[in-house]
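Student:
2 protein chains.
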Amino acid sequence: MSTPSNNENEDEFSLIRRFFSSQKVKRADVAKGIGDDCAILTPPPHTQLAISVDTLVTGVHFYPDMPPQDIGYKALACNLSDLAAAGAEPAWVTLALTLPRADSHWLHHFSEGFFSLAEQYQLALIGGDTTRGPLSITVQVHGFIPPQEALSRTGAQVGDEIYVTGTLGDAGFALSLLSKKQIHHPSYDYFLSRLYRPTPRIQAGIALRKQASACIDISDGLATDLSHILEASQVGACLYLDKLPLSPALAQETPYQAVHCALSAGDDYELCFTLPPAHAPEVTHALSALACPVTHIGTITEKKGLSILTKEGTPFALKKKGYNHFG
Amino acid sequence: MSTPSNNENEDEFSLIRRFFSSQKVKRADVAKGIGDDCAILTPPPHTQLAISVDTLVTGVHFYPDMPPQDIGYKALACNLSDLAAAGAEPAWVTLALTLPRADSHWLHHFSEGFFSLAEQYQLALIGGDTTRGPLSITVQVHGFIPPQEALSRTGAQVGDEIYVTGTLGDAGFALSLLSKKQIHHPSYDYFLSRLYRPTPRIQAGIALRKQASACIDISDGLATDLSHILEASQVGACLYLDKLPLSPALAQETPYQAVHCALSAGDDYELCFTLPPAHAPEVTHALSALACPVTHIGTITEKKGLSILTKEGTPFALKKKGYNHFG
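Top line first, the protein sequences correspond to chains A and B. Here numbering that gives the first Met the number 0 is used: the first residue of the first sequence is 0, the next is one more, and so on. Here numbering that gives the first Met the number 0 is used: the first residue of the second sequence is 0, the next is one more, and so on.
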């Protein structure tokens with residue numbers, strides 16, 4: 000199985016070094032970064048670690064012709080979104096990259112997209128692996144959070160209000176444009192930027208510490224991800240269809256498409272969280288100061304399950320609930 | 000690109016839950032394990048973290064017909080070997096699994112092999128991701144080490160003695176048996192067990208803290224991995240061909256094959272380390288108490304590069320230096 004070589008030309012080791020050893024972020028808590036068998040890190044005292052790992056596979060999570068700089072950005076953004084949902088502050092990242100071949104053009108653009116986002120959060124690349132195989136990217140992020148302050152899916156209480164950041168459904172609509180090759184759609188660039196360059200809501204997550212009773216990021220669609228909160232918290236919810244925040248571009252589409260994308264399409268990477276009503280003024284003020292849009296979309300109920308009401312108060316039946324790799 | 004479903008039958012979420020939520024290891028430092036957006040961990044005070052990540056890809060790192068229990072074991076063993084090389088004590092692990100389909104037979108055996116090794120080291124599975132795609136496994140391990148005591152590739156000094164644990168070349172010879180389908184070889188089972196079930200030298204690595212001047216695990220072949228120490232430490236080395244420790248089974252093969260496997264084949268996951276001569280008695284005694292074989296195989300030299308001497312004192316020319324994915 001092994002294919003020994005004389006290490007001529009560009010080999011695995013120099014490939015890794017060239018693109019991933021020149022990062023600008025320097026952190027005092029990284030005692031030893033990439034280049035040895037292990038990274039050695041010094042966690043700050045009296046702090047918990049939040050850790051999340053995600054894999055993106057070509058042809059499953061993105062089309063093979065997605066620009067490499069966007070793949071690099073998004074692979075990291077999806078993971079940072081998980082830190083955001085926990086209320087954690089990003090610190091370190093590892094990158095396991097499987098590539099069909101050593102393509103320096105691809106690596107150049109991929110690492111550009113990856114590092115552009117990492118630098119925004121002073122996130123240090125501390126290690127990784129580069130292997131040959133079908134294109135696949137596994138990123139693991141590590142963040143800090145004060146003890147007992149991590150947000151999670153459990154904790155939503157009957158009577159809590161349900162909020163989301165940003166707007167919903169743009170990424171899902173972008174996927175439908177891509178699948179139909181509708182490159183002349185007037186808002187094509189806008190929708191694609193929402194799919195390819197989601198904004199991890201890191202600062203919003205930090206502002207939600209000690210405020211939100213539950214929080215999750217919307218990767219599989221609002222209905223599916225909110226259901227995770229409901230199951231973990233053993234409560235139900237009622238959503239108001241007309242409150243779902245839509246971008247001006249998505250609001251131009253048919254109501255059926257817009258609502259379907261907002262409820263069921265994944266890839267938005269906004270936060271969905273629950274708040275005791277008494278916390279609402281402080282939180283909405285804090286998020287507004289961060290220029291992070293936030294919308295009240297529903298209420299936690301004692302009655303289990305997720306019900307959705309139209310503006311007229313009639314129940315709305317949701318057909319497709321979310322993304323499922325093995326469905 | 001998304002393939003929404005009604006979450007009928009065995010879906011992604013229950014698949015993960017069923018096989019990976021029933022681990023026996025419980026650790027007080029895991030505040031929140033698998034099942035939320037992030038794992039939340041409490042690192043012990045005054046301790047550094049050692050982190051390593053590795054990917055195994057089907058058809059590249061293992062044959063597609065490798066038994067899943069051995070794939071599960073080995074994917075973890077390769078990573079634990081990196082912790083061993085740093086002298087770290089294993090604590091937490093994440094698993095990112097890409098599978099062509101949700102195959103419960105495969106998952107059952109894979110998780111059995113994975114957990115059998117994890118339990119030996121009280122290693123807790125804290126998170127992961129399961130995606131659809133060509134079979135690939137990315138494992139990240141996290142271990143603890145007292146501040147400033149991590150072993151690394153740098154630090155080898157002229158005059159230090161070079162040692163390896165265990166025996167060399169068995170895994171490489173197993174690969175040649177597999178590639179030639181020599182299933183009737185008298186030591187077939189022995190060689191395959193060395194390839195499929197390497198022993199991570201965790202206790203040996205811990206015993207080397209404050210003793211070894213440099214350490215690495217042999218994943219790419221002794222010559223290649225020792226060269227990493229030499230480059231990082233800016234020294235050279237002389238190896239004695241007749242000192243290379245061979246298993247009784249490998250010693251039965253032709254000297255050319257045995258030496259080639261011992262020097263150049265990867266996958267042994269033994270430790271190669273350098274010791275100031277004054278530390279040798281204490282270290283060899285400590286490793287002997289751990290029933291870990293250890294052999295003196297060479298010396299660190301001022302002259303750069305790796306030279307290899309035969310028993311007669313003549314230079315030995317090494318043809319193939321190690322494994323290179325993109326070579």
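C-beta: ideal position from N, C-alpha, C; glycine also. Please read these numbers as outputs of a predicted model, since none were measured by experiment.
Does the distance from the C-beta atom of L402 of chain A to that of L134 of chain A stay below 7 Å?
Tutor: No answer is possible for residue 402 of chain A: it lies beyond the span of chain A, which begins at 0 and ends at 326.
Student: According to DSSP, is F61 of chain B part of a helix, a strand, or is it coil?
Tutor: strand
Student: Quick one: residues in its chain with C-beta nearer than 8 Å to the C-beta of H183 of chain A, no 5 flanking neighbours on either side, listed in chain order?
Tutor: none
Student: Rounding to the nearest angstrom, what Cα-Cα distance links N5 of chain A and K318 of chain B in this structure?
Tutor: The predicted model places N5 of chain A with a pLDDT of 31, which falls under 50 and marks its position as unreliable, so this point remains unresolved.
Student: Pick helix, strand or coil for V282 of chain A, following the three-state DSSP scheme.
Tutor: helix
Student: Could you name the residues that DSSP lists as bridge partners for C271 of chain B?
Tutor: For C271 of chain B, which the question treats as bridged, DSSP gives the partners B:V163 and B:I215.
Student: Is V258 of chain B helix, strand or coil when you go by DSSP?
Tutor: helix
Student: Taking the continuous beta strand (DSSP E) assigned at S51 of chain B, which residues delimit it?
Tutor: Q47 to V56
Student: At the level of alpha carbons, what is the spacing between A85 of chain B and K302 of chain A?
Tutor: 53 Å
Student: Would you identify the three-state DSSP class for Y120 of chain B, choosing helix, strand or coil?
Tutor: coil
Student: Kindly say whether Q47 of chain A, judged by its beta-carbon, lies nearer than 7 Å to any beta-carbon of chain B.
Tutor: yes
Student: Starting from C237 of chain B, follow its DSSP beta bridges and name the residues at the other end.
Tutor: B:T298 and B:S306
Student: Suppose contacts are defined by Cβ-Cβ distances below 7 Å. Is L245 of chain A in contact with A236 of chain A by that definition?
Tutor: No, the Cβ-Cβ distance between L245 of chain A and A236 of chain A is not below 7 Å.
Student: In chain A, which residues lie less than 7 Å from P42 of chain B when you measure between Cβ atoms?
Tutor: The contacting residues are P42 and L48.
Student: Does the segment 288–296 of chain B come into contact with the segment 247–255 of chain B, if we say contact requires no fewer than three beta-carbon pairs (one atom in each stretch) closer than 8 Å?
Tutor: no
Student: Between I39 of chain A and chain B, is any beta-carbon pair separated by less than 7 Å?
Tutor: yes
Student: Listed from N- to C-terminal order along the chain, which residues in the segment 108–140 of chain A have their beta-carbon within a distance smaller than 8 Å of any beta-carbon of chain B?
Tutor: I125, G126, G127, D128, T129, T130, R131, G132, P133, S135, T137 and Q139
Student: Can you find a C-beta in chain B that's less than 7 Å from the C-beta of R196 of chain A?
Tutor: no
Student: By the 9 Å beta-carbon criterion, what residues does the segment 50–76 of chain B contribute toward chain A?
Tutor: Listed in chain order, the positions of the segment 50–76 of chain B with a beta carbon within less than 9 Å of a beta carbon of chain A are I50, S51, V52, D53, T54, L55, V56, T57, G58, V59, H60, F61 and Y62.
Student: In the structure shown, what three-state DSSP assignment does F143 of chain A receive?
Tutor: strand
Student: Under the assumption that L150 of chain B contacts L174 of chain B (Cβ atoms under 8 Å), give the Cβ distance between them as a whole number of angstroms.
Tutor: Actually they do not touch by this definition, with Cβ atoms about 28 Å apart.
Student: Going along chain A in order, which residues have a C-beta closer than 7 Å to the C-beta of L327 of chain B?
Tutor: As displayed, chain B neither begins before 0 nor continues past 326, which places residue 327 of chain B out of reach and without an answer.
Student: Below 7 Å between beta carbons: does that hold for E148 of chain B and R208 of chain B?
Tutor: yes
Student: Which residues, in chain order, does the segment 208–226 of chain B contribute to contact with chain A at a C-beta distance below 7 Å?
Tutor: So the list reads I215 and D216, given in the order they occur along the chain.
Student: By the DSSP assignment, the beta strand (DSSP E) with P89 of chain B in it spans what residues?
Tutor: Note, P89 of chain B: beta strand (DSSP E), E88 to L98.
Student: Would A248 of chain B pass as an interface residue toward chain A - the criterion being a Cβ-Cβ separation below 7 Å?
Tutor: Answer no: the Cβ-Cβ gap between A248 of chain B and chain A never drops below 7 Å.
Student: Using the C-alpha atoms, what's the distance from T166 of chain A back to V138 of chain A?
Tutor: 25 Å
Student: Heavy atom of the ligand SAH less than 6 Å from the Cβ of A285 of chain A, yes or no?
Tutor: This structure lacks the ligand SAH; in fact it carries no ligand of any kind.
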